[in-house]
Amino acid sequence: KQEVTQIPAALSVPEGENLVLNCSFTDSAIYNLQWFRQDPGKGLTSLLLIQSSQREQTSGRLNASLDKSSGRSTLYIAASQPGDSATYLCAVTYSGAGSYQLTFGKGTKLSVIP
Amino acid sequence: GAGVSQTPSNKVTEKGKYVELRCDPISGHTALYWYRQSLGQGPEFLIYFQGTGAADDSGLPNDRFFAVRPEGSVSTLKIQRTERGDSAVYLCASSESQGKQYFGPGTRLTVL
Chain Y
387 KQEVTQIPAA LSVPEGENLV LNCSFTDSAI YNLQWFRQDP GKGLTSLLLI
437 QSSQREQTSG RLNASLDKSS GRSTLYIAAS QPGDSATYLC AVTYSGAGSY
487 QLTFGKGTKL SVIP
Chain R
228 GAGVSQTPSN KVTEKGKYVE LRCDPISGHT ALYWYRQSLG QGPEFLIYFQ
278 GTGAADDSGL PNDRFFAVRP EGSVSTLKIQ RTERGDSAVY LCASSESQGK
328 QYFGPGTRLT VL
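Right under this line is the structure:
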């Protein structure tokens, strides 16, 4: 069974700092990996999607990397802002799952202090 | 265009009652997913529809849970004889076949 782990569970940083969120998964046979943002009481917003053949994706101040062989992904956030405060979820699609269902980690709760 | 919508946004019910949760996917999306998110956890997969049929219901926790998508668009998740442990946020997502999934805002279910 595919398991996804996110470390740390919570992170507090001062505004302007660069930070890294970590995600690991147990089965390297993935189809893709996504990073989501979830604000309190809201649904999920997809930030970046990395296909299994890719090494990284970038969007604005966000950069996500993927190392399939080691079962790891990182989300790098540059020059953090208070508006970045949210829970960040990592999810993988296992290539053996015909439904392309997402398997999520528990998330990292980020607080950016002004 | 409009995103995925879910109704109601909040549902409070008593233990033992029956509830229905509705999901309106993005128009034209053939794939529809239901997930359940308990407090402090990531979402967990419940069921997947491709068109009108439930292609994968392996995530449904027991036979009190059932979902339909009769016309290949709107889907309803049905929970019979609700229990306090069913309290969670129920999320719906849709996608174009195997593409990126777009999530709705969720329905927060509270079973008293």
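Residue numbers (our numbering), protein chains in the order written: chain Y, 387 to 500; chain R, 228 to 339. Glycine is no exception: its CB is placed at the ideal position from the N, C-alpha and C atoms.
Have a look at R/L266, R/V301, R/Q264 and flag the residue whose alpha-carbon is nearest the alpha-carbon of R/G280. R/V301
Using a cut-off of 9 Å between C-beta atoms, extract the partners of R/A282 located in chain Y. G484, S485
What span of residues does the beta strand (DSSP E) with R/L266 cover, start to end? Note, R/L266: premise wrong, no beta strand (DSSP E); not H, not E.
Taking DSSP as the reference, what is the three-state secondary structure of Y/P468? helix
Considering only residues of the stretch 427-464 of chain Y, which uninterrupted beta strand (DSSP E) runs meet the minimum length of 3 residues and lie entirely inside it, listed in chain order? 430-437, 442-445, 448-453, 458-463
Can you list, in chain order, the residues of its chain with a C-beta nearer than 8 Å to that of Y/Y486? Leave out the 5 residues immediately preceding and following it. Y417, T479
Less than 7 Å between the C-beta atoms of R/G331 and Y/G457, yes or no? With contacts defined by Cβ atoms closer than 7 Å, R/G331 and Y/G457 do not form a contacting pair.
Which class does R/R311 belong to by DSSP, given the choice of helix, strand or coil? Note: R/R311 maps to helix in three-state DSSP.
Using a threshold of 7 Å, state whether the C-beta atoms of R/G286 and R/L273 are closer than that. yes
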